[in-house]
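S.K.:
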Amino acid sequence: MCGDATKWDENAYRESVLKEREIQTRTVFRTVWSPFNPSPETIVVASSDGSIASYSISSIISELPFGLSNSKTQHLLGAGPSGYLQGHDGPAYDVKFYGDDEDALLLSCGDDGRIFGWKWEEITKSEVPIHLQGNHVKPVLDLVNPQHKGPWGALSPIPENNAIAVDTEGGSIFSAAGDSCAYCWDVESSKIKMTFKGHSDYLHCIVARKSTNQIVTGSEDGTVQIWDCKSGKCVQVIDPARDKRSKGFISCVSCIALDASESWLACGSGRSLSVWNLPASECVSSISTHASIQDVIFDDNQVTAVGGYGGVVDVISLFGSHLCTFHCQGI
Amino acid sequence: MEDGEIEEEGMMIDGNGEDAQLTSSRKLEKSAYEMLRESKSSIEEIVAEMVAIKREKQPKAQLRELVTQMFIHFVTLRQANRTILVEEDRVKAETERAKAPVDFRTLQLHNLMYEKSHYVKAIKACKDFKSKYPDIELVPEEEFYRDAPEKIKSSKLSNDSSHDLMLKRLNYELHQRKELCKLHEKLEQHKKSLLETIANRKKFLSSLPSHLKSLKKASLPVQNQLGVLHTKKIKQHQSAELLPPPLYVIYSQLIAQKEAFAENIDLEIVGSLKDAQTFARQQAVKDTGITTNVENSKLEDDVPDDDDDGQRRRKRPRRVPSKENVDQAGLYQVHPLKIFLHINDDEISNPKCAKLISLKFEYLLKLNLVCVGIEGSHEGPAKDILCNLFPDDTGLELPHQSAKLLVGDTLVFDERRTSRPYKWAQHLAGIDFLPEFSPLLARCETPSSETAKSDAVISGLALYRQQNRVQTVLQRIRSRKKAQLALVEHLDSLMKLKWPALDFESVPWALHTPLCSLHGWSPVGPASNSASSLPSMDIEQIQEHIDVNLDGRPASKEELETAREDGELPSLVPVTSVENDVKLIPSGQSSLIHSRQLALISKSIISPISKARAQSFKKYDDDSELLLDIDSDVEDSAQIDADAENAASSHSYELTKKSWVDCGVKEFCLILTRKMSGNEKILKLEAKIKVSMEYPLRPPLFALSLAEDQHDGNGYEWYNELRAMEGEVNLHTVKMLPPDQENHILAHQVRCLAMLFDYCLDEASPSEKRKTTSVVDVGLCKPVDGSLLARSFRGRDRRRMISWKDMECTLGYPY
Chain A
1 MCGDATKWDE NAYRESVLKE REIQTRTVFR TVWSPFNPSP ETIVVASSDG
51 SIASYSISSI ISELPFGLSN SKTQHLLGAG PSGYLQGHDG PAYDVKFYGD
101 DEDALLLSCG DDGRIFGWKW EEITKSEVPI HLQGNHVKPV LDLVNPQHKG
151 PWGALSPIPE NNAIAVDTEG GSIFSAAGDS CAYCWDVESS KIKMTFKGHS
201 DYLHCIVARK STNQIVTGSE DGTVQIWDCK SGKCVQVIDP ARDKRSKGFI
251 SCVSCIALDA SESWLACGSG RSLSVWNLPA SECVSSISTH ASIQDVIFDD
301 NQVTAVGGYG GVVDVISLFG SHLCTFHCQG I
Chain B
332 MEDGEIEEEG MMIDGNGEDA QLTSSRKLEK SAYEMLRESK SSIEEIVAEM
382 VAIKREKQPK AQLRELVTQM FIHFVTLRQA NRTILVEEDR VKAETERAKA
432 PVDFRTLQLH NLMYEKSHYV KAIKACKDFK SKYPDIELVP EEEFYRDAPE
482 KIKSSKLSND SSHDLMLKRL NYELHQRKEL CKLHEKLEQH KKSLLETIAN
532 RKKFLSSLPS HLKSLKKASL PVQNQLGVLH TKKIKQHQSA ELLPPPLYVI
582 YSQLIAQKEA FAENIDLEIV GSLKDAQTFA RQQAVKDTGI TTNVENSKLE
632 DDVPDDDDDG QRRRKRPRRV PSKENVDQAG LYQVHPLKIF LHINDDEISN
682 PKCAKLISLK FEYLLKLNLV CVGIEGSHEG PAKDILCNLF PDDTGLELPH
732 QSAKLLVGDT LVFDERRTSR PYKWAQHLAG IDFLPEFSPL LARCETPSSE
782 TAKSDAVISG LALYRQQNRV QTVLQRIRSR KKAQLALVEH LDSLMKLKWP
832 ALDFESVPWA LHTPLCSLHG WSPVGPASNS ASSLPSMDIE QIQEHIDVNL
882 DGRPASKEEL ETAREDGELP SLVPVTSVEN DVKLIPSGQS SLIHSRQLAL
932 ISKSIISPIS KARAQSFKKY DDDSELLLDI DSDVEDSAQI DADAENAASS
982 HSYELTKKSW VDCGVKEFCL ILTRKMSGNE KILKLEAKIK VSMEYPLRPP
1032 LFALSLAEDQ HDGNGYEWYN ELRAMEGEVN LHTVKMLPPD QENHILAHQV
1082 RCLAMLFDYC LDEASPSEKR KTTSVVDVGL CKPVDGSLLA RSFRGRDRRR
1132 MISWKDMECT LGYPY
């Protein structure tokens, strides 16, 4: 608290109110399990205030008051992060791990058009107390999206990175950028190896299809395109909303997912979800939901973690029940 | 034989005259006696002879002889015996004769002895006799010789010199005393005359105050004219002395602040001084058990010049004090004196509207609490202005532990009271460092302990000044009141369904003319318990007010009643019924809607706390139904499930937040409508706005939802957009505003929301395709070409981008 009539600090109080509100309005854009653990233990969360924070599930569950875990009216547990990085200006949209061994890199991208790579080991082993964390670890990787040049040398704003995908074998990172291009970055040289140009609006999501050395991108223009990494050419265009668009209703492809065999593609577009067989390139099934789809995943794993508005992270088990839900607390 | 001897001796001792006779009788006697002895011895001889004869067995003839002799002897014996007896009789007679004189003499002796003892007694009585003058305190002898007049000294009254002296001294004493008596009488007379003069003067004096008063009264206009409020000030200072210590601290510090920094405030001490005095006296008696004279006399001194004061007060209606007397029972006993603080606006020079707020400070004796209320306003919302002046200070909880213990089970302060024990009031009163004793007692306490205590108080006061408590509190109250005034203005304009005016133009929404229309604005049932604290009288008042308003449509009140009886939650009534109104009534009859809304206000005020909570539960139920639906749909849509959960949880998060934040929260429902250009569809944006008492420090919180009438949508289609708008309105708008616009936050937020809603819909309507601006420079120089993409969305959450140019905003960038 910022005091009472005896020690009144109005500005500090105003800031604390705003900070509280900031936490309330925070959106978690992506969650990812940390690597090298037989059972998933730590969740890394990218949220709209540009921070990347890691949360230890076991410690969160142990903090959970007994008997309250399933009651719906419970006060959401405010969980303190175990690691905290103040990464991006503006929202952080995606986090991914590059590699899954000791040298794994934590990659994050955000609205500022940057991709940062941190050494995961450095973050986990950090001795810095949590309230001082934020800039304690320097990123080993810092990639900035190129700006477009307009007439008379005018530069466009730096396009944002909406999603990243990794190909550890090829040593490359794919990013879905806001300038309707996908970029392939070389991790070693921090240079752009390839630019995939062809979408008419900005990209929402990107998935690497390693078996065929392809990437799949979903865009605001409502199409999914499959690109060949070698040539950088579009191999295939999937238009899940083709029939709808003719009615004058556009919807973007907000999320795509590949199954383990990398032959089935699920793509969420607006409020409909369609599954495509890639070799045959035809729509196998299509369903529509009540709300616009935020993310899809092929569920061959035990648990899935999703993030949502209000800085809430939900861990959902195989049967759709909530393992735990917690609030990300600011520091 | 022996008897005879003794008598003989006695006779010999007694008398001398009878010696001759005696000797003759003695001779005679002696002879008888000798005869007796001779005969005895001769008998013994004969007996011995006889025995010898018998023993020697001599002839008995001898015996005969012997017997005859023997008989002769016996005859002599008898003769002797007779003479002895005769002699005895004679002696006896003689003794008898001698005895009489002896007896006479003895009697004489006894008489004499008695006489003697009588005389001794008489002598003793005489000796014991006391004169009365030893008790009289006499002038010592030397003084007598020195001072006594010759007349007394020279006179001779007795032959005995000491007696004479004594008499003279006594006379002198008498003389002196007589003199003194005379003097006393004289003095008494003098005294009487003096008393008379005093009485005269007193009469004059008693008539003097009225003269003076009339003089004073006559001088008042002059004082007012000259701006010297001397009289009033002095009176206030006098009554300040009787204030309990906490109130005294408030008073003195505020006065000091006013005088030192020309703070624009006015102070007033109100209450019966007489009561205060009696109270102080009671307190003194109770605390010490003894009342020192000093106090009493001091108090008594004070009384007379306050008398007229009290009388004047008595002329006022006595209703208020009697009501207070009822209150005074029990814990909430109030000190008779109260402080009124009128805070004036420190900026505006216009004296008419300068007065911002009047506060009433009162002191609860039992609880040792200072309570603050707003004077002159009995409305619910205005009363709460003071709550949460500082964080976590609702005034409903008792500020210190001892008071809590006193109150016991009911840890919450009596809500019906118009004044509340805010923490800041305690800080302002310095209760944290004040010792708990009355000022009157402090005066008579031992100097050492007093200095120790006063040291503590002095250091406490130093800290008090250092912390600028007075200034802080005044500043907060002023800014709070101003903010509330600004808020009321905005609420009024919103109530009339007008866009609140903004005088600050350098924000995008100020220049944007809203395309959507402000369709509805209605207060929702208060989320906090502030409503229940309203005295029932007020509610009735409001209801009457409604009746007046509703005379055109008398049925509506019953309608509402029935709606409530149906089991519908009252707090839900406003929304639904407003919607009904919207459908039924054309826009021309807005006044009717207005009255209807007034009715709704009263309804929502009556509804207790639980209703508000129930409402949110209801909302939650909706959500859970959705959850079920979605669950049955597809497994892959777990994310939506999560989102729904999030929506629910974010509400519950709101609810369970610290309750003090919710104290005095006013909730409103704002409805914006926009007719979609393409079709007939009307989009309704419903915003639940929570305006906290801490406005504008804690900006209003908007919770948005989309109500599409004829659409199957459940709001999730717009979920991201709504959340983004919420974030923008709740947080970023606030951050963009400069501090001097703080009081108009609500207006800014509403306008910003309208703008966002407009742009949100612009996009939603089937829009033009994305443009690429190509530029070709036609001119003398080398042709340049290039293109910049125009975007209106960005990021995974599809945030809308709005370019804000000089006078207007456009969607997307970089146009």
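These protein sequences, in sequence, are chains A and B. Take the first sequence: its position 80, counting from 1, is numbered 80 in our numbering, and each next residue is one higher. Take the second sequence: its position 805, counting from 1, is numbered 1136 in our numbering, and each next residue is one higher. C-beta: ideal position from N, C-alpha, C; glycine also. Bear in mind the structure is a predicted one, so any value in this text is a computation, not a measurement.
So, with DSSP's three-state summary, where would you put B/R368?
M.R.: Start at 1 with the first residue of the second sequence, and residue 368 of chain B comes out as number 37. Helix.
S.K.: I believe A/Y202 touches B/R1130 by the beta-carbon criterion, under 8 angstroms. Please report the beta-carbon distance rounded to the nearest angstrom.
M.R.: For the purposes of this step, residue 202 of chain A is taken as the residue at position 202 of the first sequence. For the purposes of this step, residue 1130 of chain B is taken as the residue at position 799 of the second sequence. 11 angstroms between Cβ atoms; not a contact.
S.K.: Going by other Cβ atoms of all chains shown within 10 Å of its Cβ, with 16 needed for buried, is B/K499 buried or exposed?
M.R.: Position 168 of the second sequence, counted from the start, is the residue given in the question as residue 499 of chain B. B/K499 is buried by the Cβ-count criterion.
S.K.: Determine the contact status of A/G117 and A/L132, defining contact as a CB-CB distance below 8 angstroms.
M.R.: One-based indexing of the first sequence puts residue 117 of chain A at position 117. One-based indexing of the first sequence puts residue 132 of chain A at position 132. No, the Cβ-Cβ distance between A/G117 and A/L132 is not below 8 angstroms.
S.K.: Thinking just about the alpha-carbon of each residue, which of B/D723, B/F835 and B/E481 is nearest to the one in B/E1073?
M.R.: Taking the first residue of the second sequence as position 1, residue 1073 of chain B is located at position 742. Checked all of B/D723, B/F835 and B/E481; the closest Cα to B/E1073 is B/F835.
S.K.: My output table needs one value for B/I377: the three-state DSSP class, helix, strand or coil.
M.R.: Locating residue 377 of chain B in the second sequence gives position 46, counting from the first residue. Helix.
S.K.: Counting Cβ pairs closer than 8 angstroms, one from the stretch 489-496 of chain B and one from the stretch 507-526 of chain B, do we hit at least three?
M.R.: Judged by Cβ distances under 8 angstroms, the stretch 489-496 of chain B makes no contact with the stretch 507-526 of chain B, as fewer than three pairs qualify.
S.K.: Sort out for me which residues DSSP pairs B/P854 with in a bridge.
M.R.: Stepping through the second sequence from its first residue, residue 854 of chain B is reached at position 523. Partner(s): B/F999.
S.K.: Indicate whether A/A163 and A/I192 have their beta-carbon atoms separated by less than 8 angstroms.
M.R.: To locate residue 163 of chain A, count along the first sequence from 1; it is residue 163. To locate residue 192 of chain A, count along the first sequence from 1; it is residue 192. Not closer than 8 angstroms, so no.
S.K.: Can you tell me the Cα-Cα spacing of B/K589 and A/E10, whole angstroms?
M.R.: Here residue 589 of chain B refers to the residue found at position 258 when the second sequence is read from its first residue. Here residue 10 of chain A refers to the residue found at position 10 when the first sequence is read from its first residue. B/K589 and A/E10: Cα-Cα distance of roughly 23 angstroms.
S.K.: Taking B/L501 as the reference, give the member of B/M366, B/P471 and B/E516 with the closest Cα.
M.R.: Working through the second sequence from its first residue, we reach residue 501 of chain B at position 170. Nearest of B/M366, B/P471 and B/E516 to B/L501, Cα basis: B/P471.
S.K.: Taking 8 angstroms as the limit between beta carbons, can you name the residues of its chain near A/K233, skipping five residues before and five after?
M.R.: Taking the first sequence and counting its residues from 1, one reaches residue 233 of chain A at position 233. Excluding positions up to five away in sequence, the list reads W227.
S.K.: Between which two residues does the alpha helix (DSSP H) carrying A/T195 extend?
M.R.: Stepping through the first sequence from its first residue, residue 195 of chain A is reached at position 195. That residue, A/T195, is in no alpha helix (DSSP H); its beta strand (DSSP E) goes K191 to K197.
S.K.: Quick one: what's A/G110 bridged to in DSSP?
M.R.: To locate residue 110 of chain A, count along the first sequence from 1; it is residue 110. According to DSSP, which records beta bridges pairwise, A/G110 is partnered with A/A92.
S.K.: DSSP on B/R436, reduced to helix/strand/coil?
M.R.: Within the second sequence, the letter at position 105 stands for residue 436 of chain B. Correct three-state label for B/R436: helix.
S.K.: State yes or no: is the C-beta of A/V235 within less than 8 angstroms of the C-beta of A/C267?
M.R.: By one-based count along the first sequence, residue 235 of chain A stands at place 235. By one-based count along the first sequence, residue 267 of chain A stands at place 267. Not in contact: A/V235 and A/C267 (Cβ atoms no closer than 8 angstroms).
S.K.: In chain B, which residues lie with their C-beta within 8 angstroms of the C-beta of A/K7?
M.R.: Reading the first sequence from its first residue, position 7 is the one you call residue 7 of chain A. Those are Q798, listed as they occur along chain B.
S.K.: By a C-beta neighbour count over all protein chains shown, 10 Å radius and 16 as the cutoff for buried, is B/P432 buried or exposed?
M.R.: Your numbering for residue 432 of chain B matches position 101 in the second sequence. So B/P432 ends up on the exposed side.
S.K.: With a threshold of 7 angstroms, establish whether the CB of B/F835 neighbours any heavy atom of the ligand NAD.
M.R.: With respect to the ligand NAD, the structure shown offers nothing to examine, as it has no ligands at all.
S.K.: Report the neighbours of B/D1128 on chain A: residues whose CB is nearer than 8 angstroms to its CB, in chain order.
M.R.: Taking the first residue of the second sequence as position 1, residue 1128 of chain B is located at position 797. In chain order: T27, F29, S48 and P91.
S.K.: Using only alpha-carbon positions, find the residue among A/D186, A/A260 and A/S269 that is nearest to A/G218.
M.R.: Residue mapping note: residue 218 of chain A aligns to position 218 of the first sequence, counting from 1. Here the closest residue by C-alpha is A/S269.
S.K.: Quick one, are the C-beta atoms of B/A1018 and B/L1084 less than 8 angstroms apart?
M.R.: Here residue 1018 of chain B is taken as the residue at index 687 of the second sequence, counted from 1. Here residue 1084 of chain B is taken as the residue at index 753 of the second sequence, counted from 1. Contact: yes.
S.K.: Where B/L511 and B/F535 are concerned, what is the direct C-alpha to C-alpha distance, given to the nearest angstrom?
M.R.: On the second sequence, residue 511 of chain B is found 180 positions in, with the first residue counted as 1. On the second sequence, residue 535 of chain B is found 204 positions in, with the first residue counted as 1. Their backbone Cα atoms lie some 36 angstroms apart in a straight line.
S.K.: With contact counted as at least three CB pairs below 8 angstroms, one residue from each stretch, are the stretch 145-158 of chain A and the stretch 121-137 of chain A in contact?
M.R.: Because the criterion of three Cβ pairs below 8 angstroms is not met, the stretch 145-158 of chain A and the stretch 121-137 of chain A do not touch.
S.K.: Quick one: which residues of the stretch 190-208 of chain A get their C-beta closer than 9 angstroms to a C-beta of chain B? List them in chain order.
M.R.: Residues S200, D201, Y202, H204 and C205.
S.K.: Using a Cβ-Cβ cut-off of 8 angstroms, state whether B/V580 counts as contacting chain A.
M.R.: As a first step, residue 580 of chain B must be located in the second sequence, where it is residue number 249. B/V580 does not count as touching chain A.
S.K.: Quick one: grab the DSSP three-state call for A/W276.
M.R.: One-based indexing of the first sequence puts residue 276 of chain A at position 276. Strand, per DSSP.
S.K.: Indicate whether B/K1015 and B/I1002 have their beta-carbon atoms separated by less than 8 angstroms.
M.R.: In the second sequence, residue 1015 of chain B corresponds to position 684, counting from 1. In the second sequence, residue 1002 of chain B corresponds to position 671, counting from 1. Yes. Within cutoff.
S.K.: Who are A/E282's beta bridge partners in DSSP?
M.R.: Mapped onto the first sequence, residue 282 of chain A falls at position 282. Per DSSP, A/N277.
S.K.: For the stretch 47-62 of chain A and the stretch 28-37 of chain A, state whether three or more C-beta atom pairs, one from each stretch, are separated by less than 8 angstroms.
M.R.: Yes: at least three Cβ pairs fall under 8 angstroms.
S.K.: Quick check: the stretch 817-829 of chain B against the stretch 685-701 of chain B, are there 3 or more CB pairs under 8 angstroms?
M.R.: Because the criterion of three Cβ pairs below 8 angstroms is not met, the stretch 817-829 of chain B and the stretch 685-701 of chain B do not touch.
S.K.: Would you tell me roughly how many angstroms separate the C-alpha atoms of A/P91 and A/E160, rounded to the nearest one?
M.R.: The residue labelled residue 91 of chain A in the question sits at position 91 within the first sequence. The residue labelled residue 160 of chain A in the question sits at position 160 within the first sequence. Rounded to whole angstroms, A/P91 to A/E160 spans 10 angstroms at the Cα level.
S.K.: Could you check whether the Cβ of B/V1065 sits closer than 8 angstroms to any Cβ belonging to chain A?
M.R.: Taking the first residue of the second sequence as position 1, residue 1065 of chain B is located at position 734. Taking Cβ atoms only, chain A reaches closer than 8 angstroms to B/V1065, which makes this a yes.
S.K.: Within 8 angstroms (strictly less), CB to CB, does B/L1077 reach chain A?
M.R.: On the second sequence, residue 1077 of chain B is found 746 positions in, with the first residue counted as 1. Taking Cβ atoms only, chain A never reaches closer than 8 angstroms to B/L1077, which makes this a no.
S.K.: By how many angstroms is the C-alpha of A/Y93 removed from the C-alpha of A/D111?
M.R.: Reading the first sequence from its first residue, position 111 is the one you call residue 111 of chain A. Reading the first sequence from its first residue, position 93 is the one you call residue 93 of chain A. Straight-line Cα distance between these residues: approximately 7 angstroms.
S.K.: Hey, out of A/S274, A/T168 and A/F174, whose CA is closest to A/G99's CA?
M.R.: Here residue 99 of chain A refers to the residue found at position 99 of the first sequence. Closest by alpha carbon: A/T168.
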